[in-house]
Amino acid sequence: MMNNEEEEKTLSVNGDEEMTGQEWTEIEEQSDEEQEETTSDYAEHPILSTPEKKPIARPTVILSILCVALAVVLVLTQFGVIGTLRKAEQERADWFDSPEAAIRFFVESIRDGRFDAAVSSFAAIETAPKSNFSSQLDTVGSYFPVYQYNMPEQYPDYESLVLSIEQGRAASSTLQFASSILLGENYMKTASFPEDAQARKEQIDSIITVLNPVLLEKISVSRIDIVFADFQSTEEYTAHMSSHVNAYGYEGYLEYIALIQFNEQTFLAPFSMVSSAGKWKILQMTSGIMQIEYSSAIPISEEEYLNYI
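Heads up, the sequence shown is in my numbering, so the first residue is 2 and it goes up one at a time.
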């Protein structure tokens with residue numbers, strides 16, 4: 002037997018040719034060189050070449066993290082998970098346990114400058130067509146004595162609100178109530194303006210000065226009372242209320258008045274209330290019993306107020 006070191010092995014290729022181990026080694030080395038050349042060709046190819054990896058700049062990494070974090074916060078806030086991030090102005094009221102609770106929430110929201118929360122105390126129809134609040138103010142006409150200038154500038158919280166038609170009415174009622182409190186006895190006088198341009202401008206400027214929502218922090222509710230007026234019996238009153246329930250499609254209907262204090266003045270404010278599933282909200286700031294058709298607070302003495310209950 003020959004020694005392994007001296008023996009030249011013969012290898013079969015495809016069963017056809019026999020090559021020595023040395024020849025096989027030369028073929029392997031040649032194959033490696035061709036593979037290196039092919040790899041070099043790919044590296045120089047403008048499409049197939051792999052770009053050199055560069056380290057990502059730190060500011061880019063930080064910005065990406067912040068964007069992701071912000072997106073998470075927005076999603077969580079949208080679903081109410083992070084409730085503390087919601088602005089007080091964006092709070093919405095559910096239905097209330099009593100008419101008195103709804104009225105107090107309405108007035109206190111105005112006091113705190115949360116006009117959108119005040120609007121949510123109305124029983125708005127959610128399925129009503131949408132309309133922009135600013136355009137609502139442009140069409141309230143004589144119902145709103147200060148319609149001659151752009152009210153949303155005085156109440157910027159409402160500029161971007163999109164409300165249903167019923168919510169638009171609730172919003173205009175809210176602003177009418179607030180402006181009637183601030184203007185007091187001069188509220189109805191603002192329905193007509195002088196023909197002289199300078200005099201008209203001065204009057205409008207004086208109104209704008211008075212219509213400062215910050216001043217409303219002095220508003221408060223002294224008392225709230227149900228209105229029975231001149232009905233001869235409870236049955237007559239109930240029948241009258243039932244007609245309203247059928248007309249509006251709610252379970253219950255009652256009319257209330259509230260005595261409002263502002264500085265040293267007192268006002269009467271009417272509220273038509275409706276109920277659903279035992280809960281209450283404001284339908285509108287009017288009173289059919291008292292024949293009050295405007296959503297405004299009426300200057301009145303406390304003695305005169307007591308005559309209505």
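Even for Gly, the Cβ is constructed at its ideal location relative to N, Cα and C.
By the CB criterion at 8 Å, L217 and A259 fall outside the cutoff.
One Cα belongs to Q262, the other to F272, and the distance between them is close to 16 Å. When Cβ pairs closer than 8 Å are counted between the two stretches, the stretch 269-283 is seen to touch the stretch 246-253, the count reaching three or more.
In the three-state reduction of the DSSP assignment, S288 falls in the strand class. The C-alpha of F106 lies about 24 Å from the C-alpha of H245. By the 16-neighbour rule on beta-carbons within 10 angstroms, A124 is buried.
The Cβ neighbour count for Q233, taken over all protein chains shown within 10 Å, is under 16; the residue is labelled exposed.
L176 is bridged by DSSP to nothing; it lacks a bridge partner.
As the crow flies, the alpha-carbon of I182 is around 6 Å from that of A298. DSSP places S207 in the helix class (H, G or I) of the three-state scheme.
Under DSSP, S277 forms a beta bridge with K280. The beta carbons of I301 and F268 sit closer together than 8 Å.
When rounded, the separation of the alpha-carbon atoms in D95 and A103 is 9 Å. Collapsing the DSSP output to three states places P100 in a helix.
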